[in-house]
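Visitor:
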Amino acid sequence: MAFFSFDDITFEVEEVVAKQSITIKHTIEDSLASRGPILLPKVPGDILAKVIEYCKHVVTQPLASDNHVDLKAFVSKLVKDSKETVFGLLVAADYLNINGLLSLACEDVLDMIKHKDPEHMCRIFTSAVKVFLQSIDGKTFEVDEAVAKQSVMIEHLIKDKLTRTGLVIIPNVSGDVLAKIVDYCKCVVIKPPSGENDVELRAFVSELVNDDEETVFGLLVAVYYLDIKGLLSLACENVLDMIKRNDPAHICRIFDISANPWAFNLVTVREKPQTHKRGH
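Under this note's numbering, think of the first position of the sequence shown as 505, with each following residue one higher.
(1) Quick one: residues in its chain with C-beta nearer than 8 Å to the C-beta of V693, no 5 flanking neighbours on either side, listed in chain order?
(2) Only counting the same chain, and skipping five residues up and downstream in sequence, which positions put a Cβ closer than 6 Å to that of G722?
(3) To the nearest angstrom, how far is the alpha carbon of A506 from that of E646?
(4) Report whether the distance from the Cβ of Q638 to the nearest heavy atom of the ligand SAM is below 7 Å.
(5) If L600 and V555 are in contact, beta carbons under 8 Å, what's the gap, nearest whole angstrom?
(6) Who are the near neighbours of D616 in its chain, counting only those whose CB is closer than 8 Å to its CB and skipping five residues on each side?
(7) So what's E649 in DSSP terms, helix, strand or just coil?
(8) So what's I674 in DSSP terms, helix, strand or just coil?
(9) Rounding to the nearest angstrom, what Cα-Cα distance links E516 and Q565 in this structure?
(10) For V771, which residues of its own chain have a beta-carbon under 8 Å away from its beta-carbon, when the five flanking residues on both sides are left out?
(11) I'd like to know whether the C-beta atoms of G842 and D511 end up nearer to each other than 8 Å.
(12) Cβ atoms of D598 and L606: under 8 Å apart, would you say?
(13) Quick check on the DSSP output: what are the complete alpha helix (DSSP H) runs of length 4 or more inside the segment 685-726, in order along the chain?
(14) Just the Cα atoms here: how many angstroms apart are P532 and V686?
(15) Using C-beta distances below 6 Å, list every residue in its chain close to T644, excluding the 5 sequence neighbours before and after it, in chain order.
(16) According to DSSP, is E516 part of a helix, a strand, or is it coil?
(17) Using only the alpha-carbon positions, how far apart do W766 and I513 sit?
(18) From what residue to what residue does the alpha helix (DSSP H) around K576 run?
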């Protein structure tokens, strides 16, 4: 059987392994999986790999599956004391309805907070919510929600709960351009601009663009679509800088216009229908 995570990683497993999930078991029994691979929209690839490891362990080590200590040690090894991993396993095990894994992941959370002071416990449970941005060519970027919300469009999607799986598909933006937008948004979140004339941020955007016409125009289209006003303004400034540095012939090539600005006006005048006023 084939499964693929929402970030498009495919896994092949035996049916007996897949059926450790009650959700998938019901899908198979109801003949809903006959059309091909099963999409698991709430599970990223790295977490799904660990879920499959657990299910294989339960199937291949039936005696161990009755041994709570052995299973707990196995899950702890999967988690590696990582709060991101254990919380990811909790969400996945709950969604896939794998009660044994859910119970053991909960125990790992309890072990994490045991003997910890309240301040440390708050840090454990305030891990940033993740959003996954996917470009038109299928490249996926995992970012904190605060980073994604630099786009007004994405902020509205999150606010209106239109992206329950955490995946936002951006159809008008290529992976290369989206990578630069993500870099900008991370920069703004880590160090908010000091004002409209933030010299460091201007330099950062210029470095992203790297004096490349295709890149800057790609950014203009993308940030206009995503509604990121700060980056849109800085990208426009980069276009102005390009115009200032180039001769008229090069500017005409950039904007795909005739080298003779009068040519268009002459054609327009010739094609304009003549109108005559009627006499009174």
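Yeah, the Cβ is synthetic: ideal placement off N, Cα and C, and Gly gets one too.
Nothing here was measured: the structure is a model prediction, and the numbers come from that model.
Guide: By the coordinates alone:
(1) For the purposes of this step, residue 693 is identified with residue 189 of the sequence shown, where counting begins at 1. Within the same chain, V693 has close Cβ partners D648, A650, V651, Q654.
(2) Taking the first residue of the sequence shown as position 1, residue 722 is located at position 218. Around G722: V681.
(3) Counted from its first residue, the sequence shown places residue 506 at position 2. Counted from its first residue, the sequence shown places residue 646 at position 142. Between A506 and E646, the C-alpha separation is close to 24 Å.
(4) The ligand SAM is not part of the structure shown, which contains no ligands of any sort.
(5) For the purposes of this step, residue 600 is identified with residue 96 of the sequence shown, where counting begins at 1. For the purposes of this step, residue 555 is identified with residue 51 of the sequence shown, where counting begins at 1. With a Cβ gap of about 7 Å, L600 and V555 count as contacting.
(6) One-based indexing of the sequence shown puts residue 616 at position 112. In the sequence under discussion, the amino acid at residue 616 is Met, which differs from the Asp named in the question. Counting only Cβ-Cβ distances below 8 Å, and skipping sequence neighbours, we find D585, K587, V590, I628.
(7) One-based indexing of the sequence shown puts residue 649 at position 145. DSSP places E649 in helix when its eight states are reduced to three.
(8) As a position in the sequence shown, residue 674 is number 170, starting the count at 1. I674 falls in the coil class under three-state DSSP.
(9) The residue labelled residue 516 in the question sits at position 12 within the sequence shown. The residue labelled residue 565 in the question sits at position 61 within the sequence shown. Using only the alpha carbons, I get a separation of about 19 Å.
(10) For the purposes of this step, residue 771 is taken as the residue at position 267 of the sequence shown. Low per-residue confidence applies at V771: pLDDT is 46, beneath 50, and the placement is therefore not dependable, though the value from the model is reported in the following sentence. Sequence-distant Cβ neighbours of V771 in its own chain, meaning closer than 8 Å and more than five residues away, do not exist here.
(11) An answer regarding residue 842 cannot be provided, because it is not within the stretch 505 to 784 covered by the chain.
(12) Position 102 of the sequence shown, counted from the first residue, corresponds to residue 606. Position 94 of the sequence shown, counted from the first residue, corresponds to residue 598. Yes.
(13) You should have 703-713.
(14) The count along the sequence shown starts at 1 and reaches residue 532 at position 28. The count along the sequence shown starts at 1 and reaches residue 686 at position 182. The residue you asked about is not Pro; residue 532 is Ile in the sequence shown. Spanning the two alpha carbons is a distance of roughly 39 Å.
(15) Taking the sequence shown and counting its residues from 1, one reaches residue 644 at position 140. The residues are D511, F636, Q638.
(16) As a first step, residue 516 is located in the sequence shown; it is residue number 12 there, counting from the start. Residue state, collapsed to three classes: strand.
(17) To locate residue 766, count along the sequence shown from 1; it is residue 262. To locate residue 513, count along the sequence shown from 1; it is residue 9. Unreliable placement is indicated for W766, whose pLDDT of 47 sits below 50; no coordinate value is reported for it.
(18) Locating residue 576 in the sequence shown gives position 72, counting from the first residue. From DSSP, the alpha helix (DSSP H) with K576 extends over 572-583.
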